[in-house]
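The structure under discussion appears below in the form of structure tokens.
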Amino acid sequence: MESEDSYQESEDYYQESDQEDYYIDEDEEFNDENNIDDDEEFIKNNHPEEECLEEKNYTVLKQEDIRRRLEDDIAKISSVLSVSREAAIRLLCRSNWSVIEVQDRWFMDEEKARKACGLSENKPVIQKTSKKMFFCRICLEKNGKKKAVSAACGHLFCKSCWETYIRISINDGRGCLMLRCPQPSCGTPVGQDMINSLASDEEKKKYDNYLVRSFIEEKKTIKWCPAPGCDFAVEFVLGSSSSDSNFDFCWLCLGPWSEHNTGGVYGCNKYQESKDDEAKEYSEADRRERAKYYMERYAHHYERWAGNHSSRRRALEDRETMKTVNIEKLSQIQTQAEGMLKFIIDAWDQIVECRRVLKWSYAYGYYLPEEKHAKKELFEFLQAEAEASLERLHDCAENELLVHLNAEGPSEDFNDFRIKLDCLTRATRNYFYKLVTALGNGLSEVDS
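If you're matching positions, the sequence shown starts at 162 in the working numbering and goes up one per residue.
Printed below as a string of structure tokens:
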């Protein structure tokens with residue numbers, strides 16, 4: 162478990178919208194003659210297809226739909242502005258994929274729009290030199306003309322350096338969409354055609370995915386489906402009946418602003434009755450207290466997670482110093498072979514590993530359901546024992562060792578220190594073994 166990414170969890174409060182249940186009373190008697198007109202009027206005013214069309218204000222986009230829209234925007238810019246596909250992509254990326262914004266900037270000041278994107282006029286994407294040899298300014302080697310490659314600017318680099326430059330840029334993330342010539346101070350863009358000619362199949366696929374992601378994530382009206390692993394997107398349809406109104410809500414109670422009796426931020430404070438019994442149980446003050454509780458609980462676990470994270474990083478540095486410097490020094494002072502001091506390195510190895518386990522145990526504790534009281538108590542007991550043992554070991558290896566490390570000669574009680582540190586190392590290992598085993602079993606010892 163080598164990931165050092167911090168964890169986080171936000172506690173959200175959700176209000177479930179009331180849904181009306183439409184039903185027919187089985188005891189109610191219908192008269193065909195008296196109800197024909199009513200039925201016709203109901204069908205006329207509540208046509209299901211019309212209602213569906215009226216309420217639907219979004220469109221679900223599949224991958225092929227997304228790519229078709231992306232290509233349509235590129236083709237539109239390329240046709241209207243009479244530029245290449247590569248230039249159109251660069252202009253759209255620069256303007257957050259807004260066709261209107263690209264056109265406005267272009268027709269307002271074409272030269273400025275070109276300069277902002279590093280676009281030049283009437284030059285091929287890839288140029289090759291006519292010289293037999295050239296000097297690559299990246300690898301600082303002379304190469305044959307067959308290996309010479311440049312962007313539209315004409316700055317020559319060898320093919321190998323270009324491939325490395327493109328590979329690193331693509332692996333670094335979406336910034337490769339705005340890739341420029343590696344020559345310092347040169348802003349000439351490196352487009353998809355050049356990448357396709359120099360990148361591997363895997364890198365080309367990554368670049369293409371970055372392009373699609375950029376198209377979706379920069380569009381204000383299109384967002385990815387939030388479900389894990391889903392590659393569908395949802396587009397908000399402007400001009401639909403329900404999209405004509407920019408929905409307002411109260412940021413305190415999260416309820417619709419239209420239902421507040423009075424204006425102002427604190428209008429919801431004056432509500433004395435709620436729509437359902439569940440909502441009555443929590444006043445605004447209750448919600449604030451609950452929010453405060455959740456934040457304090459999160460802070461408690463995160464601070465200890467971060468503390469052990471920092472302690473582990475320092476322990477890694479201290480262990481390295483011990484291996485490379487202090488062991489040799491201690492061997493000379495205590496007149497003992499370095500092999501006899503291996504117990505100190507073992508102690509630091511144990512400290513580093515236990516800090517990692519303890520750090521992530523706080524993440525485990527944060528997500529442990531609060532209603533499982535027995536498991537929570539067992540977990541906290543095992544965690545406390547392990548943590549206390551680790552602190553004693555860390556203190557001994559870090560502070561008590563300094564006495565012997567700074568001594569002018571062999572210490573009389575160095576052997577006692579050896580026994581103590583070795584015992585603490587073994588004890589700490591046992592405590593953490595119990596903790597890890599219990600967590601691996603899901604704290605099943607207290608299952609009913």
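Where is the CB? At the ideal position from N, CA and C, for every residue including glycine.
Neighbourhood of G500 by C-beta distance below 6 angstroms, restricted to the same chain and skipping five residues each side
For the purposes of this step, residue 500 is identified with residue 339 of the sequence shown, where counting begins at 1. If we look at G500 and ignore the five residues flanking it on each side, it has no Cβ neighbours.
Residues bridged to A309 [DSSP beta-bridge criterion]:
Position 148 of the sequence shown, counted from the start, is the residue given in the question as residue 309. A309 is bridged to C319.
Within 10 angstroms of its Cβ, does D182 collect 16 or more other Cβ (buried), or is it exposed?
As a position in the sequence shown, residue 182 is number 21, starting the count at 1. Summary for D182: the model assigns pLDDT 39, below 50, so the residue's position carries little reliability, and this model does not support an answer.
Ordered along the chain, which non-local residues of its own chain (more than five positions away) have a Cβ less than 7 angstroms from that of Q224?
Numbered from 1 along the sequence shown, position 63 holds the residue referred to as residue 224. The residues are D392.
To which residues does DSSP link P345 through a beta bridge?
For the purposes of this step, residue 345 is taken as residue 184 along the sequence shown, with counting starting at 1. In the DSSP assignment, P345 is bridged to no other residue.
Please determine, among S311, C314, K307 and C319, the residue with the shortest C-alpha to C-alpha distance to L301.
Within the sequence shown, residue 301 is the residue found at index 140, counting from 1. Sorting S311, C314, K307 and C319 by C-alpha distance to the C-alpha of L301 places C319 at the top.
DSSP beta-bridge partners for P350?
On the sequence shown, residue 350 is found 189 positions in, with the first residue counted as 1. Assignment of beta-bridge partners to P350 by DSSP yields R341.
Cβ shell of E464 (< 6 angstroms), same chain only, five flanking positions each side left out:
On the sequence shown, residue 464 is found 303 positions in, with the first residue counted as 1. Non-local C-beta neighbours of E464 in its own chain, meaning closer than 6 angstroms and more than five positions away in sequence, are absent.
Can you tell me the Cα-Cα spacing of L600 and D233, whole angstroms?
By 1-based counting over the sequence shown, the position of residue 600 is 439. By 1-based counting over the sequence shown, the position of residue 233 is 72. Cα-Cα distance, rounded: 53 angstroms.
For L563, count neighbouring C-beta atoms within 10 Å of its own C-beta (all shown protein chains included) and say buried if the count is 16 or more, exposed if not.
The residue given as residue 563 occupies position 402 in the sequence shown. Around the Cβ of L563, a 10 Å sphere holds fewer than 16 other Cβ atoms; the residue is exposed.
Inter-residue spacing [alpha-carbon to alpha-carbon] between H462 and A524
For the purposes of this step, residue 462 is taken as the residue at position 301 of the sequence shown. For the purposes of this step, residue 524 is taken as the residue at position 363 of the sequence shown. Taking C-alpha positions only, H462 is separated from A524 by approximately 7 angstroms.
Where does the unbroken beta strand (DSSP E) through L222 begin, and where does it stop?
Locating residue 222 in the sequence shown gives position 61, where the first residue counts as 1. According to the DSSP assignment, L222 belongs to the beta strand (DSSP E) that extends over Y219 to L222.
On the three-state DSSP scale, how would you describe K273?
The residue given as residue 273 occupies position 112 in the sequence shown. Helix at K273.
Can you list, in chain order, the residues of its chain with a C-beta nearer than 7 angstroms to that of K595? Leave out the 5 residues immediately preceding and following it.
Here the question's residue 595 lines up with position 434 in the sequence shown. The residues are L543.
Please report the distance separating the alpha-carbon of D369 from that of I331.
Sequence index remark: in the sequence shown, residue 369 carries index 208 (1-based). Sequence index remark: in the sequence shown, residue 331 carries index 170 (1-based). In this structure, the CA atom of D369 is about 10 angstroms from the CA atom of I331.
Just to confirm before moving on: does the CB-CB distance between E512 and M483 stay below 8 angstroms?
The residue you call residue 512 lines up with position 351 of the sequence shown. The residue you call residue 483 lines up with position 322 of the sequence shown. Note that residue 512 is Ile in the sequence shown here, rather than Glu. Not a contact, by the Cβ cut-off of 8 angstroms.
Limits of the alpha helix (DSSP H) - the one that M456 falls within:
Within the sequence shown, residue 456 is the residue found at index 295, counting from 1. Run containing M456: E445 to T482, per the alpha helix (DSSP H) assignment.
On the CB-based measure, 16 or more other CB atoms within 10 Å of its CB, does A360 come out buried or exposed?
Translated into positions along the sequence shown, residue 360 becomes position 199. Around the CB of A360, 16 or more other CB atoms lie within 10 Å, so the residue is classed as buried.
With distances taken between CB atoms, is the gap from L252 to V241 smaller than 8 angstroms?
The residue you call residue 252 lines up with position 91 of the sequence shown. The residue you call residue 241 lines up with position 80 of the sequence shown. Against a cut-off of 8 angstroms, the Cβ pair of V241 and L252 comes out as no contact.
N567 versus Q495 - alpha carbon distance
The residue labelled residue 567 in the question sits at position 406 within the sequence shown. The residue labelled residue 495 in the question sits at position 334 within the sequence shown. The alpha-carbon atoms of N567 and Q495 are separated by roughly 10 angstroms.
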